[in-house]
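Report on one structure; see the data block that follows.
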Amino acid sequence: QVTLHAGAELDAHRVNHYNLTLRAACPDEEEVEERLFVQVMAGQSLRCDAPFASVGRSQGAGGAGWWEPWVPAGTGFPRLCCAAGGDVVRVPADVAPRTPLYVVLPQPLGGLTVSGGWLTQGPTLQNQDTPLTLTRRGLVLAPASGFQPSKDTQTFRLEIEVMDPHGNNCSGAVTVEVLPSHRPGVTFLEPQRAVTVPAGIGPLEVVTQVHASGDNIRYAILAPAVPALFTINEVTGEIHSIRRLEVAHAHLLVRAYNALHPTDHATATLNITVQGTDWRAPSCSPAISVSQVSETVSPGSTLVTLRCTDPAGTEGRLRYALQGPPPSLARFCMEGPRLRVNTTLDYDSEAVAAMGFQFTATVVVTAGGQPPRSTHVPVLITLTPVNEFTPACPNGATFTVPETAAFGSIVGRVAGTDRDYPPESLEYSLEGGAGPTQPFSIDTRTGEIRVVGPLDSQRHKSYRLTVRLTDTHNDLDPSKRRSRLCDVAVRLQAVLNQAPVCTSEVQELRITAGLGSRQPVTRLACQGSPDSAALAYTITEGEERPSHSTTQPLTAVCVALSRPSHPGNEDGRFRLEGNTLFYLPHDLAEPRTFLLLVEVWGGPSAPRRSTVVALVVHVTPRSTPVPPSTTTRHTTLQKEPLVVTRTEAEWHPPAWFVAVLTVSSALLLATLGCTARSLLCR
């Protein structure tokens, strides 16, 4: 019983149609489904609309109420509008039983009755035994057993009268034309079949299956009338065993029919032989296949040949199939018992590297019979590399470096490439090695070129280096390597206003104070770059040295550290005029030693590059017995190269290592504590 919800409000101007689907099922039976169509009409007095009411008129008192006839949605039946003598509906002859064909919906929904009868001809009620059905709600249904198949069109006419409790009524007519069906009949694909199954099949197991074409197919066993060994699924056509099968022979007559039109049916004969068999699966050698194949192997090559035997003696009927992930199935295939390479293999790809250069698959060997017996042979194939390609040089390997580049400065990086996998497996070497004529070195792993010697743009404008690229780890045989020589050009960039070069950067002088306004001490011998301006000289005398001046000689540094006992030019006793140092006589009671630092630079360029000359001047008063005055001794301290090598070992463990070490230590302490406690308890 379907009722209107208590809180529902119907409004025909907003929603005037509802389509309800009802499902019902009894235990152990299939579910059935029906549809209910609800039409909401405006609240008016009774009236029948055209074309349904084209044969009658509304009678009785009341306003302009109405009845609306309609074809249920989803049936697909055409409704012929405005046909003479009422409404007309055309349906196929194979429509399902009790399918709604037409409905007349009253407004309001309750309190109305529908009466009528079916006619094959004439305007009056006749032939009450017609197959169509009219419900009290005005629903026209197809016959309970469906329409009878016919080559001609069948016509049925129904005149319907509707009356409400107030006596208002209206009438109309519906003509149902049943068209011949063009649906193909039920047909078995194999009218006769012979099936052989092994003995020992348990109850309710699938033995075989029959197939028939048509609509709404159902299956049934006609003979034997009381099956003793087999039963059939009426929907799928699967034949099941009723009990455990022994050696026997059965003859089944199976019918397939249209559930909506049982007269449309076909039969098939099924001969089932139950015979004894060996249940053992085929045995194969090798049981597991592990092989290694080069990436240059030719397509069609055989990797492994399986030797399989069937205990039942049906080796000739063994079937071989390869199963596995798509990458394996795309590269390998089975040809009988032989596993072959299906296409070109490529080791040098990221996709193969992601698989670990290994392919897995399974060869399924199946023997005939019912049910089939099979054996699975796992297959593991490892792909090995071959050094196929020679390293390639970079395009335009030209670098520029200033001639003042410090030791270890990076000039550039030679980025060689190799199509073999892995890509970062090149080694770099410099032909001829580093030396005076080639003041460069190359990192064997990264290809970075560094400065390892003095550069002079006056002597060499550029250097042409020959770099050898050698691939490694690209072949299973480490001795199989490929190399290529690459030309690399390094251009020197001249730097203007280089630091002046002075002869005797550290000088020790001795003079005797004489008479007069000034006394020459020494002349500095310095030379700047050819394109620089005239050199400038100044006594720094305790001033902070410029940030871009050259490194002070080691002896001068040692002298500078002893300056508290050796005054400089605080009282202006010395003066520079050009590159000449003068001493201004002064009353000197005793011999004294002065330390002077003279800075020499060339031109006003920035940054300023300069050289510092250290002068140690010993001045002796004239009254002191000394050798003849103005005797100057130039002392040039011999400088030897000082190489300082300092290696610092430093290790910064990653965070995860610290965490693992901490947890491991805690677990070790806990274990030792538990062990000690158990020993003490004993």
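Quick note: the sequence shown uses UniProt numbering, first residue 1, plus one each step. Note that beta-carbon positions come from the ideal geometry of N, C-alpha and C, so glycine has one too. Note that the coordinates shown come from a computational prediction; the quantities given were computed from them, not determined experimentally.
Paired residues, beta bridge with residue i - DSSP
i    : result
P180 : For P180, which the question treats as bridged, DSSP gives no partner whatsoever.
C502 : C526
T382 : Q292, Q358
Y257 : R218, H265
P520 : F582
Y463 : V490
Q1   : DSSP output for Q1 lists no bridge partner at all.
F574 : Y583
V91  : V178
A614 : V506, L597
R592 : V619
M41  : DSSP lists no partner for M41.
D471 : L426
C308 : C284
T512 : T620
Check whether residue i and residue j have beta carbons under 7 Å apart
i    : j    : result
A513 : R592 : no
V178 : A93  : yes
A42  : R98  : no
E234 : Y219 : yes
L584 : R518 : yes
N569 : Y537 : no
Y347 : M334 : no
L36  : L22  : yes
F574 : P520 : no
P325 : T305 : no
S425 : D475 : no
A199 : L270 : no
V254 : A268 : yes
D511 : V616 : The sequence given here has Ile at residue 511, not Asp. Not a contact, by the Cβ cut-off of 7 Å.
L132 : V103 : no
Top-ranked residue by Cα proximity to residue i, from the options
i    : options                : result
Q493 : T398, R573, Y428       : T398
T344 : E335, R331, A354       : R331
I242 : T273, N216, V207       : V207
S388 : S291, T296, Q527       : Contrary to the premise, residue 388 reads as Glu rather than Ser in this sequence. The residue with the shortest Cα to Cα distance from E388 is T296.
S457 : S441, L476, E448, T437 : T437
F147 : C170, R90, L270, H460  : R90
R459 : S283, I442, E403       : E403
T263 : L270, D215, S294, Q275 : D215
L524 : T540, V467, V598       : V598
S374 : A353, C284, G433, R445 : C284
S298 : N342, L515, A287       : N342
R484 : A405, K461, P394, T382 : P394
R183 : Q154, S171, V162, P149 : P149
Q358 : H376, L329, T366       : L329
R280 : R136, R419, P372       : P372
Exposure of residue i, with buried meaning 16 or more beta-carbon neighbours within 10 Å
i    : result
A212 : buried
V505 : As written in the sequence, residue 505 is Glu, which differs from the Val given in the question. Classification for E505: buried.
C81  : Any reading at C81 is ruled out, since the residue's pLDDT is 42, under 50, leaving its predicted position unreliable.
Y18  : exposed
G237 : buried
T3   : exposed
P478 : exposed
F188 : buried
Q39  : buried
P391 : buried
C558 : Because C558 carries a pLDDT of 47, less than 50, the predicted location of this residue cannot be relied on, and the following value inherits that uncertainty. Result: exposed.
V658 : exposed
F407 : exposed
V290 : exposed
D28  : exposed
G447 : buried
S665 : exposed
S610 : buried
L20  : exposed
Whole-angstrom C-beta distance between residue j and residue i, which should lie under 8 Å
i    : j    : result
T360 : L380 : 6 Å
V32  : A24  : 6 Å
I221 : L252 : 6 Å
L158 : A142 : Incorrect: roughly 13 Å between the Cβ atoms, too far for contact.
P500 : W601 : 7 Å
L465 : V451 : Actually they are not in contact, since the Cβ atoms of L465 and V451 sit about 12 Å apart, beyond 8 Å.
D310 : L318 : 6 Å
L469 : G416 : 4 Å
I239 : F230 : 5 Å
V364 : A266 : Not really, about 37 Å apart at Cβ, beyond 8 Å.
Cutoff 7 Å: residue i Cβ touching any chain B Cβ
i    : result
P325 : Absent from the structure is chain B; it holds one protein chain and no more.
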